[in-house]
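The opening residue of the sequence shown carries number 1157 in this note's numbering; numbering runs sequentially from there.
Even for Gly, the Cβ is constructed at its ideal location relative to N, Cα and C.
Remember, it's a predicted structure, so these values are computed and weren't measured experimentally.
Written out below as structure tokens is the structure these notes cover.
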Amino acid sequence: MAMLEVENLNVRFYTEEGVVKATNDVSYEIESGECFGIVGESGAGKSVTSLALMRLIDDPGVIESGEIRFKGRNLLELDHEEMRRIRGNEIAIVFQDAQTALNPAYTVGSQIAEAVQLHLGRDDKAARDRSIELLDSVGIPDAAERYSDYPHEFSGGMQQRAVIAMALSCDPDLLVADEPTTALDVTIEAQILELLEEISRERDTAVQLITHDLGVIAEFCDRVMVLYAGHPVEVGPVEELYYEPKHPYTVGLMSSIPRIGDGRERLDTIPGRMPDLIEMPPGCNFHPRCPYAEEACARIEPRLVDAETGAEADVSEHARQAAACLAYTGELDGELDYEVRVRETADTIASEDTADSEGDRSTSDGEDGGQSR
Ligand SMILES: Nc1ncnc2c1ncn2[C@@H]1O[C@H](COP(=O)(O)OP(=O)(O)OP(=O)(O)O)[C@@H](O)[C@H]1O
Ligand code: SF4
Ligand SMILES: [Mg+2]
1157 MAMLEVENLN
1167 VRFYTEEGVV
1177 KATNDVSYEI
1187 ESGECFGIVG
1197 ESGAGKSVTS
1207 LALMRLIDDP
1217 GVIESGEIRF
1227 KGRNLLELDH
1237 EEMRRIRGNE
1247 IAIVFQDAQT
1257 ALNPAYTVGS
1267 QIAEAVQLHL
1277 GRDDKAARDR
1287 SIELLDSVGI
1297 PDAAERYSDY
1307 PHEFSGGMQQ
1317 RAVIAMALSC
1327 DPDLLVADEP
1337 TTALDVTIEA
1347 QILELLEEIS
1357 RERDTAVQLI
1367 THDLGVIAEF
1377 CDRVMVLYAG
1387 HPVEVGPVEE
1397 LYYEPKHPYT
1407 VGLMSSIPRI
1417 GDGRERLDTI
1427 PGRMPDLIEM
1437 PPGCNFHPRC
1447 PYAEEACARI
1457 EPRLVDAETG
1467 AEADVSEHAR
1477 QAAACLAYTG
1487 ELDGELDYEV
1497 RVRETADTIA
1507 SEDTADSEGD
1517 RSTSDGEDGG
1527 QSR
């Protein structure tokens, strides 16, 4: 049994414009100590998935159906008090914007101490000591002195470290990090991600890392789920998905990862936009943007299946790569003839036999042959 098992999660927002289908049969599992990535464009349902996990979906939103089992208990059946205890002690969340997570009117240290007292019930002195320890453990220099600083006296990166310290105050088994680095520059981003990795390794804390950047996932996660319009379109071990993406949307996401030495800020992004989640296109929701779409794609909704066998997908830790595309259920006439290339340096593009070596990697819609799926 995995520590977290999410099964067929369906979240809806009942708005005046209509029903927003924010997550659609989202299923995934996270093992203890594992780093699991969730990636997708803006509006894909990444935050809603995390909020649902914490049971923090507010009006007009509802968790319409599905199960969220944490250490075997269905979180959707717990009463408010039990859920509050889980949130406080076992699952913690770090949001994108550290500034809003910290109250500008109180010192950073006192806010962490308050969290420590709340979760662990320590006295003032012990809570203060523990807070300093936590600040130190997330890399705040001179933690004892910085304890009394106000949030505005911390840089953006330090604020995010402080928020992570606060999340760690309850020593959670699962840390949900929702775009924890988007407000930071790249150097600080790398440091924060390294910190999360270190936390995961040293404390055996599982991390659910949410980002729109597949490059970040590739570096830090063990497994990943790609969301498109609230649907999981690909799930699998990061290495496999990164070197051999199975879903055309994943291929598109990879093309938009900036490469060192490319001389471009960002490569081509996927043309078109995500559909309106109130009125989604029929069949495969991705078909209006998919270069391989055929008539059947607008008619048949693809199921998430094992990309090798076409059998119903398993989303557990040891499962193989799964994708939701008609190409894997024999319902597509043509082939997904994209090319996956591994780039060793800025100007060398490696061939298939170096596909598992270290280095910069690139994916493109190939016209010139190369390694097809
Ligand atoms: N309170 C709400 N009322 C109505 N719709 C909502 C509400 N919260 C979220 N949604 C909708 O649910 C969908 C998924 O939103 P979500 O915040 O999960 O996206 P995301 O993948 O986290 O995007 P981003 O990368 O921009 O953070 C969006 O279409 C959003 O408009
Ligand atoms: S089912 Fe069709 S439209 Fe959807 S990803 Fe596969 S080829 Fe593209
Ligand atoms: Mg979000």
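{"Check": "For ligand 2, residues whose Cβ lies under 7 Å from any non-hydrogen atom", "Outcome": "His1403, Pro1404, Tyr1405, Cys1440, Phe1442, His1443, Cys1446, Tyr1448, Ala1449, Glu1450, Cys1453, Pro1458, Cys1481, Leu1482, Ala1483, Leu1488 and Leu1492"}
{"Check": "Same chain, Cβ closer than 8 Å to Ala1321, five either side skipped, listed in chain order", "Outcome": "Ile1268, Ser1287, Leu1290, Leu1291, Ser1293, Val1294 and Ile1296"}
{"Check": "Identity of the residue in Asp1432, Glu1390, Tyr1494 and His1443 nearest Glu1468 by Cα", "Outcome": "Glu1390"}
{"Check": "Distance, Gly1392 Cα to Ala1463 Cα", "Outcome": "10 Å"}
{"Check": "Rounded distance between the beta-carbons of Ile1366 and Ser1206, thought under 8 Å", "Outcome": "6 Å"}
{"Check": "Near ligand 3: Glu1335 beta-carbon under 7 Å from a heavy atom", "Outcome": "yes"}
{"Check": "Cβ neighbour criterion (16 or more within 10 Å) applied to Asp1215", "Outcome": "exposed"}
{"Check": "Within 8 Å, strictly: CB atoms of Leu1492 and Pro1404", "Outcome": "yes"}
{"Check": "The alpha helix (DSSP H) enclosing His1443, as first and last residue numbers", "Outcome": "Neither: His1443 is in no alpha helix (DSSP H) and is coded neither H nor E."}
{"Check": "C-alpha distance - Leu1160 paired with Arg1445, whole-angstrom precision", "Outcome": "33 Å"}
{"Check": "Own chain, CB closer than 7 Å to Ala1257, minus 5 neighbours either side, in chain order", "Outcome": "Phe1251 and Val1319"}
{"Check": "Coarse secondary structure for Asp1181, derived from DSSP in three states", "Outcome": "strand"}
{"Check": "heavy atom of ligand 1 below 7 Å from His1275 C-beta", "Outcome": "no"}
{"Check": "For Gly1217, the residue or residues it bridges with in DSSP", "Outcome": "Phe1169"}
{"Check": "Pair within 8 Å by beta-carbon distance, Gln1273 and Leu1397", "Outcome": "no"}
{"Check": "Cut-off 8 Å between Cβ atoms - residues of its own chain near Gly1244, not counting five sequence neighbours on either side", "Outcome": "Leu1274, His1275 and Cys1326"}
{"Check": "Asp1493: first and last residue of the uninterrupted beta strand (DSSP E) it sits in", "Outcome": "Here Asp1493 belongs to no beta strand (DSSP E), and DSSP marks it neither H nor E."}
{"Check": "Opening and closing residue of the beta strand (DSSP E) in which Phe1192 lies", "Outcome": "Cys1191 to Val1195"}
{"Check": "Distance, Glu1451 Cα to Glu1345 Cα", "Outcome": "43 Å"}
{"Check": "Limits of the unbroken beta strand (DSSP E) element including Met1347", "Outcome": "As written in the sequence, residue 1347 is Gln, which differs from the Met given in the question. No beta strand (DSSP E) holds Gln1347; the alpha helix (DSSP H) holding it covers Val1342 to Arg1359."}
{"Check": "The alpha helix (DSSP H) enclosing Thr1337, as first and last residue numbers", "Outcome": "Unbroken run through Thr1337: none, as it is neither H nor E."}
{"Check": "Test item: CB-CB of Glu1185 and Ser1472 under 8 Å", "Outcome": "yes"}
{"Check": "Spatial neighbours of Asp1503 in its chain, beta-carbon cut-off 6 Å, leaving aside the 5 residues before and after", "Outcome": "Only weak support is given to the placement of Asp1503: the predicted model assigns it a pLDDT of 37, under 50, and the question is left unresolved by the model."}
{"Check": "Candidates Pro1427, Ser1411, Arg1455 and Leu1340, of which the one nearest Ala1254 by Cα", "Outcome": "Leu1340"}
{"Check": "N- and C-terminal bounds of the beta strand (DSSP E) containing Val1363", "Outcome": "Ala1362 to Thr1367"}
{"Check": "Distance between beta carbons of Leu1482 and Cys1453, contact taken as under 8 Å", "Outcome": "6 Å"}
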